[in-house]
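The structure is reproduced here in C-alpha cells:
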C-alpha cells in the first residue's frame, strides 16, 4: 500500500477508519502500521506527542494508539491535551509490562483501554475493533435519539384544540422535572405519545425510554419483568436478569395500563417510588436506581380504590402530576388535521397515489363519535387508502351504532329505611336524587360531560367526581 511522508508523519489511504499511531520506537511504528493497514485501516504515524498534537490540529482521526513513555511529553500528558481539545476521541495506551500503574492513571484521565508491550497482534486488533464499534453504536444511538427528540417535540403534536393545548402546556411545565406523572385517558387518545414527549423534552432525553405494557404481561411474570431476578430465583432462572427499572436507569420508565397490576406488584412498586430502592426477585440486596416513572391508564383508578382493587397510597404516589387527555370527541376540530397527517404517514399503502379527502368524508368524520379515538381514526384511514382507486378518498367505513355494545344502565341507590334518623334519611334521599339526576343527564346528553356541566352550572371536575362517587362509567352512555 502506497504511503507518503510529510514533516515526519507518514499516512496511508484506505476506505476505513483512520488511526494515528504515536511511538518513538520506529520498529513498533512500522510493524503496527503494516498490521493495521492489512486489517483495512488508514494509518498515520507520529514519532512523538508534539507531532501528534500538530497532526490532530490539521486532520481528524477515529482512534489514537500511543505509547506511554516518550521524550518531551509522555502518553498521559498527551492524553490530557487531547481530552481538552477532543473529549470524544478514542485513545488506546501502550505501556511496558512493569508500568500497569501508569495504565491505570491513563484510564483515570479518559483512556479508552490499554495494552502491554510486547503487544499481541490479535489482542490489539480486537481492542481497536471493539472501541470503534462501541463508538459507532454510540453515534448511531445519539442520532436516533436526536431524531426521536425531534419527532416528539411539541411542534410535532398536531392540534388546534384548546383542550389539547392545555395538555401540552402541562407537559411543558413538568417535562424537565423528575416528578412522577400519571397520564389518564381513553384507549387511543395518545397516552404513549405524551409519555414520549415528557421524556424527549427533559434532561433525561439522552437516557433510555423503556416501555412496559402491564396488561400484556401475565401477572406471574410482571414482577420479574419490572424488577429482574437472581439466578435460581425460580425454575428456569438459569442466570441473573436485569429488570426494566434497571434498563431505564437515568432515563424514563413508561408503565402503560398501570391499573392492571396485581396487589403484590403494587406493593413493590410503591416502595420503589418512595425509596428509589428494590430487590430483584430471589435477591436480598437493595438496589438503588435513578429512573423517572411515567404511568398511564384508561381505567378509573379512584373507582378501583373504592372497590379495593388499587392501593390509594400508590395512586397518590403515581399522580403527583396528573394529566388527563381529551377524547377525540372532545377535540373534533383536530380530526381533519389528524386525517391529513395520517394520509401522509401511510401514503406508501397506495404507492403515494392517494392524496386527498373528499369534503363528504371530512363531514362524516366531524359527526362521528370516535369511541376508539385517534387510533380508530388512523386505522380507518389506512383501510380507506388501501381501498381507494383514484387520488381521493371518497368514503370511509365508519361503524354504525349497532356495531357497538349497548350501554349498560346504571342502578340507582336502593330506597332508604324510613326508621333511620332524620339527618341520615335526608342525606340518603339527597344522594339518591342526585344520582338519578346525574344518570338522567348522562342518558339524555349521551355522556357529553362538557354539555352536562354547562346545563348543571358546575365544572367538569365536579361531574367526574360525582360519577366516581356513584361508580358511574360515562363511556356506557356515549353513542
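Numbering (the numbering used here), first residue to last: 3 to 481.
Every residue, glycine too, gets a C-beta built ideally from N, C-alpha and C.
Of all the options the options, which has the alpha carbon lying nearest to the alpha carbon of residue i?
| i | options | result |
| --- | --- | --- |
| residue 238 | 226, 38, 391 | 226 |
| residue 214 | 180, 263, 362, 233 | 263 |
| residue 386 | 242, 356, 472 | 356 |
| residue 390 | 345, 296, 36 | 345 |
| residue 307 | 375, 471, 437 | 471 |
| residue 279 | 251, 439, 341 | 251 |
| residue 116 | 133, 95, 196, 134 | 95 |
| residue 74 | 218, 86, 60, 53 | 53 |
| residue 218 | 259, 242, 188, 192 | 259 |
| residue 190 | 465, 351, 373 | 373 |
| residue 310 | 292, 275, 268 | 268 |
| residue 276 | 244, 315, 249 | 315 |
| residue 381 | 396, 282, 347 | 347 |
| residue 33 | 120, 445, 479, 282 | 120 |
| residue 388 | 396, 379, 351 | 351 |
| residue 97 | 78, 86, 110, 111 | 78 |
| residue 499 | 449, 377, 402, 90 | The structure shown does not extend to residue 499, since the chain is modelled only from 3 to 481, so the question has no answer here. |
| residue 183 | 229, 281, 30, 327 | 327 |
| residue 480 | 371, 107, 131 | 371 |
Counting C-beta neighbours from all protein chains within 10 Å, is the total for residue i 16 or more, i.e. buried, or is it exposed?
| i | result |
| --- | --- |
| residue 124 | exposed |
| residue 302 | buried |
| residue 129 | buried |
| residue 3 | Caution applies to residue 3, whose pLDDT of 37 falls short of 50 and renders its modelled position unreliable; the value that the coordinates give is listed next. It is exposed - the Cβ of residue 3 has fewer than 16 other Cβ atoms within 10 Å. |
| residue 113 | buried |
| residue 483 | This structure gives no information on residue 483, because the portion of the chain shown stretches from 3 to 481. |
| residue 317 | buried |
| residue 236 | exposed |
| residue 155 | In this prediction, residue 155 scores a pLDDT of 48, lower than 50, which makes its location untrustworthy; no coordinate-derived value is stated. |
| residue 231 | buried |
| residue 439 | exposed |
| residue 220 | exposed |
| residue 435 | exposed |
| residue 392 | exposed |
| residue 414 | Unreliable positioning characterises residue 414 in this predicted model, as indicated by a pLDDT of 39, which lies under 50. The coordinate reading is nonetheless provided below. Residue 414 is exposed by the Cβ-count criterion. |
| residue 410 | Its pLDDT being 36, under 50, residue 410 is placed unreliably by the model, and the measurement read from it follows with that caveat. When all chains shown are included, residue 410 counts as exposed. |
| residue 420 | Note on residue 420: pLDDT 48, under 50, position unreliable in the model; the coordinate value appears next. When all chains shown are included, residue 420 counts as exposed. |
| residue 337 | buried |
| residue 399 | exposed |
| residue 61 | exposed |
| residue 363 | buried |
| residue 23 | buried |
| residue 138 | exposed |
| residue 199 | buried |
| residue 7 | Residue placement at residue 7 cannot be trusted, given a pLDDT of 35 that sits under 50; the coordinates are not used to answer. |
| residue 405 | Caution applies to residue 405, whose pLDDT of 46 falls short of 50 and renders its modelled position unreliable; the value that the coordinates give is listed next. Burial call: exposed. |
| residue 375 | buried |
| residue 464 | exposed |
| residue 106 | exposed |
Am I right that residue i and residue j are in contact with their C-beta atoms under 8 Å? What's the rounded C-beta distance?
| i | j | result |
| --- | --- | --- |
| residue 55 | residue 76 | With 8 Å as the limit, residue 55 and residue 76 do not qualify as a contact, their Cβ atoms being about 13 Å apart. |
| residue 92 | residue 65 | 4 Å |
| residue 88 | residue 67 | The pair is not a contact, with the Cβ atoms about 15 Å apart (cut-off 8 Å). |
| residue 163 | residue 333 | 4 Å |
| residue 240 | residue 246 | Actually they are not in contact, since the Cβ atoms of residue 240 and residue 246 sit about 20 Å apart, beyond 8 Å. |
| residue 329 | residue 360 | In fact, because the Cβ distance is near 25 Å, the residues do not count as touching under 8 Å. |
| residue 253 | residue 212 | 7 Å |
| residue 257 | residue 297 | 4 Å |
| residue 69 | residue 40 | In fact, because the Cβ distance is near 21 Å, the residues do not count as touching under 8 Å. |
| residue 44 | residue 19 | 7 Å |
| residue 446 | residue 474 | Their Cβ separation, rounded to whole angstroms, is 14 Å, which puts residue 446 and residue 474 out of contact at 8 Å. |
Using a C-beta cutoff of 8 Å, does residue i count as contacting chain C?
| i | result |
| --- | --- |
| residue 337 | Judged by its chain identifiers, the structure shown contains no chain C, having just a single protein chain. |
Alpha helix (DSSP H) segments (min. 4 residues) lying fully within the stretch 19-87: 28-40, 51-60, 77-87
With three or more beta-carbon pairs closer than 8 Å as the criterion, would you say the stretch 306-324 touches the stretch 366-377? They do not touch, by the three-pair rule.
Counting only runs that start and end within the stretch 266-319, where is the beta strand (DSSP E) found for 3 or more residues in a row? As for any beta strand (DSSP E) of minimum length 3 sitting wholly inside the stretch 266-319, the runs are 294-299, ordered along the chain.
Taking 8 Å as the threshold, find out whether the stretch 45-54 comes into contact with the stretch 160-169 through three or more Cβ pairs. no
Give, in chain order, every unbroken run of the alpha helix (DSSP H) that is at least 4 residues long and sits entirely within the stretch 213-267. 221-229, 246-249
Spell out a yes or no on whether the stretch 285-292 and the stretch 447-462 are touching, meaning 3 or more CB-CB pairs, one atom from each, closer than 8 Å. No, because fewer than three Cβ pairs between the stretch 285-292 and the stretch 447-462 fall closer than 8 Å, the two stretches do not touch.
Touching by the beta-carbon criterion (3+ pairs, under 8 Å), the stretch 170-183 and the stretch 199-212: yes
To test your reading of the DSSP string, which unbroken beta strand (DSSP E) runs of 3 or more residues are found completely within the stretch 162-219? 183-186, 211-215
Counting only runs that start and end within the stretch 344-396, where is the alpha helix (DSSP H) found for 4 or more residues in a row? Those alpha helix (DSSP H) runs which fall completely within the stretch 344-396 and span 4+ residues are 361-368, 375-389.
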